[in-house]
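First residue of the sequence shown: 96, per our numbering; consecutive thereafter.
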Amino acid sequence: MIALENEFEKEVLGRRNRALSGCVPVDELRPPLKRPEIVDNDPEDRSPIISKNGRKRPNQKKRDSTVSSLTEPDAITPDNLMDAISSNLTSSPCLDKHSRNADSLTSSGDPFDRTIQQQIEVSHKVSHPHRLHPSIWHNEAGEHNSGPACSCKPKYRIGPLHNQFEGETEVPRCRLESNNRDRLYHYRVMVTPTTNFFNCKPTIIPYNGNDYFFDGYSVFLHSSLEQLPPCQLLRFNLLYEFVAVADDFPENLTVRAMDMLTKYIFQELLELLDLNWLPHGAESGCPVVHLFPRFVRKVGDASAELLSVNHILEYWMGQSRLPLIRPTDLSAIQRMANSEWSARIDDLRGTLAWKPGVKPPAIRIDQLDRSFDSSSSSSTNTPRSLPYPLLVHMTFTPMKLSLSRDPKYKSVLKNFMKLEYLMNNKPRITAHDRAQRAQLANKLDSMDQSGVHRREITVGISSEGFYRTGIRPDVTQFALNMASFVTHIRCIMSLKSLEARLGYEFKDKSLLHQALTHPSYRRTDFGTNQDHFQNTQTSCGPRTIVYGDKLQLYKQWRKKGLSSMIKVMSFMPKQHEERSKIYGNERLEFLGDAVIEVIASIHLFFMFPDLPEGNLDAYRQALVQNQHLADLALRLGLHKYLLYTHSVDFCYDSTYVYTRSDAFEAVMAAIALDGGLEVVDRIFGAVLFGDCERIHRVWVRIPPHPLQAQFPDGDREWASNVPMLKKLSALEDRLGIKFKHVRVLARALTVRKTGFNLYTLGDNQRLEFLGDSLLKYVTTDYLFRHFPRHHEGHLSLLKNSLVNKYTQASVCSDLGLDQFIIRREDNSLAISGISDEVPSSPTRKQQNVKNKADLLEGWLFCFHNSRRCHPFWQLWF
96 MIALENEFEK
106 EVLGRRNRAL
116 SGCVPVDELR
126 PPLKRPEIVD
136 NDPEDRSPII
146 SKNGRKRPNQ
156 KKRDSTVSSL
166 TEPDAITPDN
176 LMDAISSNLT
186 SSPCLDKHSR
196 NADSLTSSGD
206 PFDRTIQQQI
216 EVSHKVSHPH
226 RLHPSIWHNE
236 AGEHNSGPAC
246 SCKPKYRIGP
256 LHNQFEGETE
266 VPRCRLESNN
276 RDRLYHYRVM
286 VTPTTNFFNC
296 KPTIIPYNGN
306 DYFFDGYSVF
316 LHSSLEQLPP
326 CQLLRFNLLY
336 EFVAVADDFP
346 ENLTVRAMDM
356 LTKYIFQELL
366 ELLDLNWLPH
376 GAESGCPVVH
386 LFPRFVRKVG
396 DASAELLSVN
406 HILEYWMGQS
416 RLPLIRPTDL
426 SAIQRMANSE
436 WSARIDDLRG
446 TLAWKPGVKP
456 PAIRIDQLDR
466 SFDSSSSSST
476 NTPRSLPYPL
486 LVHMTFTPMK
496 LSLSRDPKYK
506 SVLKNFMKLE
516 YLMNNKPRIT
526 AHDRAQRAQL
536 ANKLDSMDQS
546 GVHRREITVG
556 ISSEGFYRTG
566 IRPDVTQFAL
576 NMASFVTHIR
586 CIMSLKSLEA
596 RLGYEFKDKS
606 LLHQALTHPS
616 YRRTDFGTNQ
626 DHFQNTQTSC
636 GPRTIVYGDK
646 LQLYKQWRKK
656 GLSSMIKVMS
666 FMPKQHEERS
676 KIYGNERLEF
686 LGDAVIEVIA
696 SIHLFFMFPD
706 LPEGNLDAYR
716 QALVQNQHLA
726 DLALRLGLHK
736 YLLYTHSVDF
746 CYDSTYVYTR
756 SDAFEAVMAA
766 IALDGGLEVV
776 DRIFGAVLFG
786 DCERIHRVWV
796 RIPPHPLQAQ
806 FPDGDREWAS
816 NVPMLKKLSA
826 LEDRLGIKFK
836 HVRVLARALT
846 VRKTGFNLYT
856 LGDNQRLEFL
866 GDSLLKYVTT
876 DYLFRHFPRH
886 HEGHLSLLKN
896 SLVNKYTQAS
906 VCSDLGLDQF
916 IIRREDNSLA
926 ISGISDEVPS
936 SPTRKQQNVK
946 NKADLLEGWL
956 FCFHNSRRCH
966 PFWQLWF
């Protein structure tokens, strides 16, 4: 086995280095671009403090992009890379034209042109000396097709998007020539649905007269997976679900063989150069995961035999030694009949052809054509100078570089569509309209046929120098998505360190994972460089893709549009709590906003018994504003776990502040759903004042209400001595609840103009402050649990319709609370009701509604204070 592994490492994994051994280094043939270093802002340049009531996000489309804007804190962005790029373009002859354009833009002070910058980056990449074909895109480490892969500021280059998973440490090296059964845990990866993963022609390895079919991958981890939520990936308008199922540990493999197969597939063939499964900062040791391609044959109805790893090494090494077309067969190929030639290449169609040393190193064989072009014939002539057949490959131009993204094409297409619309709605079409339409149509056709930005391209390459692999696109498809699945595993395992910081272990870890996932992450969840994934998918993935129904897929996720809102708002609530299928943390952020607000309101209300409502509201706003919550997220370390799209939108401080604050609210909501509001109270207090024991002790020790402090055992005896309290028993009888502290109930029914008295020690304005937060929380909690198909905006509309003053006034009247308002008449307390007659002025009517709403909110405080909230909330909803 050791000899086989050594031979595979030498013959297969070392072939690329041998092919490039005599070549001039790439940096000498193509000098690298000099880009400006992206630096952090100065410490004093902090983002402005923005309250929860002013969540206005900056308009990125209207930001200043002039030369003078370079002095602004956020000026060094991907849009402004032209300044430094233009300084070194003269070193590349093919970029002289762009260099002059860039210099003129810089010197004249005109706005930077993103299109020109992209052209410079693309021209630099196309000039790679080892590029296989100008129309086939290759991968370079740390690079997108049109620029650097990461434009984040150094302080934001953290978290899973930058291959930094909190809690990961260097893993001790496994025994290379052993399966390490005592150290590793084996899981089989299963995917549903299997569309586009298992083709009609799967990868087969023949052995001992039997065919072993490719059956996905197995993962070997150094720690067990206790609760791994399913990994949902959006591909081809289909939602795939990857799960890891514990399986029997295979005996016929070694760790060294698995790592060599992984390197062969992921690096030598698929060219995923940014894929790194070592812990961040580790240069040695084991990767966090070992992968093993499964080849099985069915034995009976319910069992299967797994092919040993040594047979996989032998077969793939044997295939890599076979040229795609032998030079000795060229003469016979020219004399073959078409049917014979078609039968000969039938097994090669759809497989990957490998040419070490070029970029990309492997492409899919769509056809082998004996008709050839003299320009593509071999430079090293065969004995008879016979040409090699053409390897036909059908590829695509990357979407962001295709014709549909060209500004000129988009402008002409927009004018054409506008003219079409006008002509369809005109009562009479003139000759000028027809001529203008024909002119625009001809211009579109000429741009389509120009070939510069064509989306679908068919290329023909001489088959000389290509080798066989015996691998079909099903292996490619699984391997590409295994990168996302491994990232998912690492994210879930890193949450253990966050649970340790929180001091709470989740029963359902999918809640915490969802709270840290931005909605934008679904479209960019590739586990590695996005352009690398798409380039490899195009070059080595299946030729024919089965796409799902985009309309049906996005129908349940769509949240914009009037028709969508009408449809969603027509859904009735679920009778029982149901988990929402809406992706991302927006719904959790909606709930977390109410959770943090009610906790802050409770503590402030009891800590400052003498402050009026306005002061309490100001203190609460200081606690729940976005900037403060973002700072708490930094203190808790949430920024090291966030999952969001890796784009320029998250390279700005203002955007990142909102992302952190939303994530903090979502985490608090996840804790409330998993462990209850008491756990959130403990964690929020620890994060808020945990660094100061004295202040934290004051925060957590909530004193009783002053009316409760006077009579800790209750003041029910006052009901028999004070006429006003005696008459409140009628309200208790109506509600079926006896309050321990009747004076608290009396204060909840005391309006502001009643004035101060010895029985209630004030009015209900302070109680209304806390009752308002309680009502918002219980309403939000109910809507979140029983309206799973509603997005955050829809839930906000429902909440506003339930907690507005008109709804509260109506409920107050239904309960009859307005019949027990306490007023001062003749210097004594008495009971009087609010007249049902229509007030003489609209102002007085509005004030009457406000008083009833305050009555209800103050009365809700009495329920919270008596710990009898739950039965009332059930009655409420």
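We treat Cβ as the ideally placed atom computed from N, Cα and C, and that holds for glycine.
Endpoints, beta strand (DSSP E) assigned at residue i
{"i": "residue 552", "result": "551 to 557"}
{"i": "residue 398", "result": "398 to 401"}
{"i": "residue 866", "result": "Element bounds for residue 866: not the beta strand (DSSP E) but the alpha helix (DSSP H), 860 to 881."}
{"i": "residue 313", "result": "305 to 316"}
{"i": "residue 700", "result": "No beta strand (DSSP E) contains residue 700, which is instead part of the alpha helix (DSSP H) from 681 to 702."}
{"i": "residue 488", "result": "485 to 491"}
{"i": "residue 459", "result": "457 to 459"}
Residue range of the alpha helix (DSSP H) that includes residue i
{"i": "residue 265", "result": "Where residue 265 is concerned, there is no enclosing alpha helix (DSSP H), given that its DSSP letter is neither H nor E."}
{"i": "residue 582", "result": "568 to 597"}
{"i": "residue 633", "result": "625 to 635"}
{"i": "residue 70", "result": "Because the chain in this structure spans residues 96 to 972, residue 70 falls outside the shown range and cannot be described."}
{"i": "residue 88", "result": "Within the shown structure, residues of the chain are numbered from 96 to 972, placing residue 88 beyond reach of any answer."}
{"i": "residue 253", "result": "It is not in any alpha helix (DSSP H) - residue 253 carries neither H nor E in the DSSP assignment."}
{"i": "residue 828", "result": "824 to 830"}
{"i": "residue 902", "result": "900 to 910"}
{"i": "residue 496", "result": "Neither: residue 496 is in no alpha helix (DSSP H) and is coded neither H nor E."}
Cβ shell of residue i (< 8 Å), same chain only, five flanking positions each side left out
{"i": "residue 886", "result": "654, 663, 677, 681, 682"}
{"i": "residue 146", "result": "Residue placement at residue 146 cannot be trusted, given a pLDDT of 47 that sits under 50; what the coordinates show is reported in the next sentence. Answer for residue 146: 716, 720, 721, listed in chain order."}
{"i": "residue 111", "result": "363, 451, 452, 456"}
{"i": "residue 408", "result": "99, 100, 103, 352, 355, 356"}
{"i": "residue 538", "result": "507"}
{"i": "residue 348", "result": "274, 387, 403, 404"}
Cβ distance (whole Å) where residue i is taken to contact residue j below 8 Å
{"i": "residue 570", "j": "residue 388", "result": "7 Å"}
{"i": "residue 266", "j": "residue 317", "result": "6 Å"}
{"i": "residue 754", "j": "residue 737", "result": "6 Å"}
{"i": "residue 976", "j": "residue 337", "result": "Absent from the model: residue 976. The displayed extent of the chain is 96 to 972, so no value can be given."}
{"i": "residue 900", "j": "residue 948", "result": "4 Å"}
{"i": "residue 270", "j": "residue 350", "result": "7 Å"}
Cutoff 6 Å; reference residue i; Cβ partners in own chain excluding five residues on either side
{"i": "residue 393", "result": "399"}
{"i": "residue 315", "result": "279, 281, 385"}
{"i": "residue 685", "result": "887, 890"}
{"i": "residue 440", "result": "463"}
{"i": "residue 528", "result": "518"}
{"i": "residue 880", "result": "672"}
beta-carbon residue i near the ligand HEM non-hydrogen atom, thresh 7 Å
{"i": "residue 96", "result": "The ligand HEM is not part of the structure shown, which contains no ligands of any sort."}
Residues near residue i by beta carbon distance below 7 Å, same chain, minus five either side
{"i": "residue 955", "result": "866, 869, 870"}
{"i": "residue 226", "result": "233, 454"}
{"i": "residue 115", "result": "452"}
{"i": "residue 699", "result": "711, 714, 715"}
Opposing strand residues paired with residue i [DSSP bridges]
{"i": "residue 285", "result": "338"}
{"i": "residue 713", "result": "Answer is none; residue 713 lacks a bridge partner."}
{"i": "residue 239", "result": "242"}
{"i": "residue 464", "result": "485"}
{"i": "residue 326", "result": "337"}
{"i": "residue 436", "result": "DSSP output for residue 436 lists no bridge partner at all."}
{"i": "residue 115", "result": "According to DSSP, which records beta bridges pairwise, residue 115 is partnered with nothing at all."}
{"i": "residue 447", "result": "459"}
{"i": "residue 890", "result": "For residue 890, which the question treats as bridged, DSSP gives no partner whatsoever."}
{"i": "residue 612", "result": "738"}
{"i": "residue 563", "result": "448"}
{"i": "residue 454", "result": "226"}
{"i": "residue 418", "result": "562"}
{"i": "residue 753", "result": "Per DSSP, none; premise fails for residue 753."}
CB contact below 8 Å: residue i versus chain B
{"i": "residue 256", "result": "Annotation note: the requested chain B is absent from the structure, which comprises a single protein chain."}
Problem set entry | In chain order, each beta strand (DSSP E) run of at least 3 residues that lies wholly inside the segment 331 to 415 | 333 to 341, 384 to 394, 398 to 401
Exercise. Mind pulling the alpha helix (DSSP H) runs of 4 or more residues that sit fully within the segment 633 to 668?
Worked result: Counting only runs of 4 or more, we get 645 to 650, 657 to 664.
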